[in-house]
Amino acid sequence: MNKNAEIKELVKARLSTFPSDKKICIGKYGELTREDMIKHVSKEDEIGKKIIEIELAYIRALKQGIIA
Amino acid sequence: MFLITRPNHDDIVYYLSIWSKELIALAIKKGKKVIDLTDNKANRKRVTGTLSKTPIRFVMFNGHGDDNLVCGQKDEILIESPKDVKLLKDKIIYCRSCNSAKKLGLESVISGADAFIGYENEFVFVYNTKSLTKPLKDETAALFLVPTNKIVSSILKGNSVKYSYEKSQELFRQNISKLMNSATSDDDRELLRYLFWDYSKQVYHGDGAAKY
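For the record, the sequence lines run as chains R and Y. The working numbering applies: residue 9 is where the first sequence begins, and numbers increase by one. The working numbering applies: residue 8 is where the second sequence begins, and numbers increase by one.
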């Protein structure tokens, strides 16, 4: 598995625990359920890339101790 | 004078609109004259007309946005850079919309706006689908919208842009710390990444000492 595919799978795994009774609003992309987010990440479309970017920014902040 | 736009045509802007009501009430309480453009009044003609003919000092835009623009009802473009930025001259602007701090914010400050507070990437928030009929009771959305409302309430109370921005950042940090606590449910912990995102993408341009 290449690095991009690994990241995609990691993000999808993390999204799978997003609460089912909640939706996320990502600006112009509208409201998304957990299933919507996973679908977009799988397709790696514009929304999927943004979701991956948000996830990676958080992981990076944890790693760098910006949030602890 | 305080101008606020509150489109309400989809769930996202509806939430922002409802959460802005307390800011209007505060402005009135503080003796400010408020121009509240909500629903179909959040249109380009009303906004540009108000900005060009009325001595507005503080503007809050709620709505969808992009690098160089902010939208109103049914996503009509209200203000777009570079052609409209002169309308923001001498004003303090808070744009609760995506991306608009990137170009619209920078260019409005270059063209004479006192300060522009906004987001240099997508503005995100999470809400509870069971709370759609009562957004103000949505504790999930509150984690995102209380810190963003703080900017406006603080400016309305006479504090500087920089102080108000820092207060908002502080509230974001407090919410992040609260969710990192071991007693937090797994569901709430899922919100951390999105809170951190808004916290890290919120910026201001211009004169931090500017006051209403």
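Yeah, the Cβ is synthetic: ideal placement off N, Cα and C, and Gly gets one too.
> For chain Y, is any of its Cβ atoms less than 8 Å away from the one on glycine 35 of chain R?
Replying inline: Within the first sequence, numbered from 1, the residue matching residue 35 of chain R stands at position 27. With 8 Å as the cut-off, glycine 35 of chain R counts as an interface residue toward chain Y.
> List, in order along the chain, the chain R residues whose C-beta lies closer than 9 Å to that of phenylalanine 179 of chain Y?
Replying inline: As a first step, residue 179 of chain Y must be located in the second sequence, where it is residue number 172. Within chain R, no residue comes near phenylalanine 179 of chain Y; the closest Cβ sits about 11 Å away, beyond 9 Å.
> Which whole-angstrom value describes the C-beta separation of lysine 157 of chain Y and leucine 178 of chain Y, a residue pair presumed to lie in contact below a C-beta threshold of 8 Å?
Replying inline: By one-based count along the second sequence, residue 157 of chain Y stands at place 150. By one-based count along the second sequence, residue 178 of chain Y stands at place 171. The pair is a contact, with the Cβ atoms about 5 Å apart (cut-off 8 Å).
>> Alpha carbons only, please: which of Y:Lys137, Y:Leu113, Y:Gly70 is nearest the one belonging to isoleucine 124 of chain Y?
In response: Taking the second sequence and counting its residues from 1, the one referred to as residue 124 of chain Y is at position 117. When each option's Cα is compared against that of isoleucine 124 of chain Y, the closest is Y:Leu113.
>> Give the list of continuous alpha helix (DSSP H) stretches no shorter than 4 residues that lie fully inside the segment 152-217 of chain Y.
In response: If you keep only unbroken alpha helix (DSSP H) runs of at least 4 residues inside the segment 152-217 of chain Y, you get 168-187, 193-196, 199-208.
> The beta strand (DSSP E) spanning leucine 44 of chain Y covers which residue range?
Replying inline: Stepping through the second sequence from its first residue, residue 44 of chain Y is reached at position 37. Unbroken beta strand (DSSP E) run through leucine 44 of chain Y: 41-45.
> Going by DSSP, what residues sit across from glycine 72 of chain Y in a beta bridge?
Replying inline: As a first step, residue 72 of chain Y must be located in the second sequence, where it is residue number 65. DSSP, once it has assigned bridges, lists Y:Val77 as partnering glycine 72 of chain Y.
>> In the DSSP assignment, the beta strand (DSSP E) including leucine 85 of chain Y goes from what residue to what residue?
In response: Taking the first residue of the second sequence as position 1, residue 85 of chain Y is located at position 78. Taken as a continuous stretch (DSSP letters only), the beta strand (DSSP E) holding leucine 85 of chain Y covers 84-87.
> What is the C-beta distance between tyrosine 134 of chain Y and aspartate 121 of chain Y, in whole angstroms, given that I count them as a contact (C-beta under 8 Å)?
Replying inline: Numbered from 1 along the second sequence, position 127 holds the residue referred to as residue 134 of chain Y. Numbered from 1 along the second sequence, position 114 holds the residue referred to as residue 121 of chain Y. About 32 Å separates the two Cβ atoms, so there is no contact after all.
> In chain Y, which residues lie less than 7 Å from alanine 69 of chain R when you measure between Cβ atoms?
Replying inline: Position 61 of the first sequence, counted from the start, is the residue given in the question as residue 69 of chain R. Within chain Y, the residues whose beta carbon sits less than 7 Å from that of alanine 69 of chain R are Phe203, listed in sequence order.
> Looking at the structure shown, is arginine 68 of chain R part of a helix, part of a strand, or coil, going by DSSP?
Replying inline: Counting from 1 along the first sequence, the entry for residue 68 of chain R is found at position 60. In this structure, arginine 68 of chain R counts as helix in the three-state DSSP scheme.
> So, helix, strand or coil for threonine 12 of chain Y, using DSSP?
Replying inline: On the second sequence, residue 12 of chain Y is found 5 positions in, with the first residue counted as 1. DSSP, reduced to helix, strand and coil, places threonine 12 of chain Y within a strand of the structure shown.
> Which residue's Cα is closest to the Cα of leucine 30 of chain Y: Y:Gly56, Y:Thr155, Y:Tyr201, Y:Asp205?
Replying inline: Position 23 of the second sequence holds residue 30 of chain Y. If we check each option's Cα against that of leucine 30 of chain Y, Y:Thr155 comes out closest.
>> For tyrosine 101 of chain Y, report the span of its beta strand (DSSP E) as first-last.
In response: Stepping through the second sequence from its first residue, residue 101 of chain Y is reached at position 94. Element bounds for tyrosine 101 of chain Y: 99-103.
> What residues in the segment 103-122 of chain Y bring their beta carbon closer than 9 Å to a beta carbon of chain R?
Replying inline: Ser104, Cys105, Asn106
> At least one CB of chain Y closer than 8 Å to the CB of alanine 65 of chain R: is that the case?
Replying inline: Within the first sequence, residue 65 of chain R is the residue found at index 57, counting from 1. Taking Cβ atoms only, chain Y reaches closer than 8 Å to alanine 65 of chain R, which makes this a yes.
> According to the neighbour-count rule (16 or more other Cβ atoms, all chains shown, within 10 Å of its Cβ), is glutamate 197 of chain Y buried or exposed?
Replying inline: Sequence index remark: in the second sequence, residue 197 of chain Y carries index 190 (1-based). With 16 or more Cβ atoms within 10 Å of its Cβ, glutamate 197 of chain Y is classed as buried.
> Roughly how far, in whole angstroms, is the beta-carbon of glycine 213 of chain Y from the beta-carbon of valine 116 of chain Y, given that I think they are within contact range, below 8 Å?
Replying inline: Along the second sequence, one-based indexing puts residue 213 of chain Y at 206. Along the second sequence, one-based indexing puts residue 116 of chain Y at 109. Between valine 116 of chain Y and glycine 213 of chain Y the Cβ distance is about 4 Å, and since that is below 8 Å, they are a contact.
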